[in-house]
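Asks: Take this structure, written in structure tokens, and hold onto it; I'll ask about it next.
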Amino acid sequence: DAGVIQSPRHEVTEMGQEVTLRCKPISGHDYLFWYRQTMMRGLELLIYFNNNVPIDDSGMPEDRFSAKMPNASFSTLKIQPSEPRDSAVYFCASSSTGTGVPYEQYFGPGTRLTVT
Amino acid sequence: AQSVSQHNHHVILSEAASLELGCNYSYGGTVNLFWYVQYPGQHLQLLLKYFSGDPLVKGIKGFEAEFIKSKFSFNLRKPSVQWSDTAEYFCAVRGSGGYQKVTFGTGTKLQVIP
């Protein structure tokens, strides 16, 4: 398996623009997580899905952030409008209760977002 | 709610020195515990985990961690570090309860000097 795939790897955008981050989880995994990593706040869980259904979005910072998982192989995290304080590395991770190490999360390479 | 504390934010060691990174968690019930490593410019990878049984768990690359329930701790150790161990290390906890949510600590940056 290719692992968790995220795109783009780097995104530079201007304040006020819409940003969409994409994630393809490992095939067969039924959980998907979105994290944000910054120097100041460390690694924060934004939202996670189980079988494409959002379970906990309490970490989503504000209404400008939204996440969807239309099917088992694709998820998006959207920021609209973007602000400089959204600059961070955004990680997607997936896991499975069915096989392998229970609850081990496999992380993607991350998307480094810079909002100017 | 579960939480994790990593008190060492930045550790600098010389090669061959011994390593111990602290991790304390807060949760009222049974827990699953993890250590993840993030090498520079890379994503997080699982180093080791504890679910049950022997509280001393061994992971990859010579790392081990000991779960001490009475102290709510899960410290990471390595007897002799190498330059290639330079990375950021994250402790994480999951409260057993059927949910997948894992709470990560703020991370400890380890710098190993050749």
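Chains as they are written, first to last, in my numbering: chain X, 1 to 116; chain F, 1001 to 1114.
Glycine included, every Cβ here is placed at the ideal spot set by N, Cα and C.
May I have a chain-ordered list of the beta strand (DSSP E) segments no shorter than 3 residues that lie completely inside the stretch 1064–1106 of chain F?
Replies: You should have 1064–1068, 1073–1078, 1087–1095.
Asks: Within 7 Å of any Cβ in chain X, is that where the Cβ of residue 1059(F) sits?
Replies: With 7 Å as the cut-off, residue 1059(F) does not count as an interface residue toward chain X.
Asks: Take residue 43(X) as the anchor and find which of 35(X), 49(X), 50(X) has the nearest alpha-carbon.
Replies: The option with the nearest alpha carbon to residue 43(X) is 35(X).
Asks: Would residue 109(X) count as contacting chain F if we go by Cβ distances under 7 Å?
Replies: Yes, residue 109(X) lies at the interface with chain F (some Cβ there is under 7 Å from its Cβ).
Asks: If we cut at 7 Å on Cβ distances, does residue 59(X) have a partner in chain F?
Replies: Taking Cβ atoms only, chain F never reaches closer than 7 Å to residue 59(X), which makes this a no.
Asks: Specify, as a first and last residue, the run of the beta strand (DSSP E) that residue 47(X) falls within.
Replies: Run containing residue 47(X): 42–50, per the beta strand (DSSP E) assignment.
Asks: For a contact meaning CB atoms closer than 8 Å, what does residue 91(X) contact in chain F?
Replies: By Cβ distance, chain F contributes 1043, 1044.
Asks: Whole angstroms is fine: what's the gap from residue 1103(F)'s alpha carbon to residue 1014(F)'s?
Replies: Spanning the two alpha carbons is a distance of roughly 30 Å.
Asks: Could you list the residues in the stretch 3–35 of chain X with a C-beta less than 7 Å from some C-beta on chain F, going in chain order?
Replies: Per Cβ criterion, the list reads 31.
Asks: Distance check for residue 1002(F) and residue 1021(F), CA to CA, integer angstroms please.
Replies: One C-alpha to the other measures close to 20 Å.
Asks: Would you give the residue range spanned by the beta strand (DSSP E) that residue 1024(F) belongs to?
Replies: Looking at the DSSP string, the run of the beta strand (DSSP E) that includes residue 1024(F) is 1024–1026.
Asks: Bridge partners of residue 1050(F), per DSSP?
Replies: Beta-bridge pairing links residue 1050(F) to 1033(F).
Asks: Comparing the C-beta of residue 1074(F) with each C-beta of chain X, is any distance below 7 Å?
Replies: So, not an interface residue.
Asks: Would you list the residues sitting across from residue 54(X) in a DSSP beta bridge?
Replies: DSSP output for residue 54(X) lists 49(X) as bridge partner(s).
Asks: Hey, does residue 46(X) have any beta-carbon neighbour from chain F nearer than 7 Å?
Replies: With 7 Å as the cut-off, residue 46(X) does not count as an interface residue toward chain F.
Asks: Give the secondary structure of residue 85(X) by DSSP, where H, G and I count as helix, E and B as strand, and everything else as coil.
Replies: If DSSP states are grouped into helix, strand and coil, residue 85(X) belongs with the helices.
Asks: Are the CB atoms of residue 15(X) and residue 89(X) nearer to each other than 7 Å?
Replies: It is not a contact, given that the beta carbons lie outside the stated cut-off.
Asks: Does the beta-carbon distance from residue 1023(F) to residue 1074(F) come in below 7 Å?
Replies: Their beta carbons are under 7 Å apart, which means residue 1023(F) touches residue 1074(F) by this criterion.
Asks: For residue 71(X), write down the residues that DSSP places opposite it in a beta bridge.
Replies: According to DSSP, residue 71(X) bridges with 74(X).
Asks: For residue 1104(F), would you say it is in contact with chain X, using Cβ-to-Cβ distances shorter than 7 Å as the test?
Replies: Yes, contact with chain X.
Asks: Apart from the five residues on each side of it in sequence, which residues of its chain come closer than 7 Å, Cβ to Cβ, to residue 1004(F)?
Replies: The answer, listed in chain order, is 1023, 1025, 1091, 1092, 1093, 1103, 1104, 1105.
Asks: Which residues of chain X have a Cβ atom closer than 9 Å to the Cβ of residue 1101(F), listed in chain order?
Replies: Ordered by position in chain X, the residues that pass the 9 Å Cβ test against residue 1101(F) are 33, 45, 48, 55, 56.
Asks: Residue 1029(F) CB to nearest chain X CB: under 7 Å?
Replies: Cβ-Cβ to chain X under 7 Å: no for residue 1029(F).
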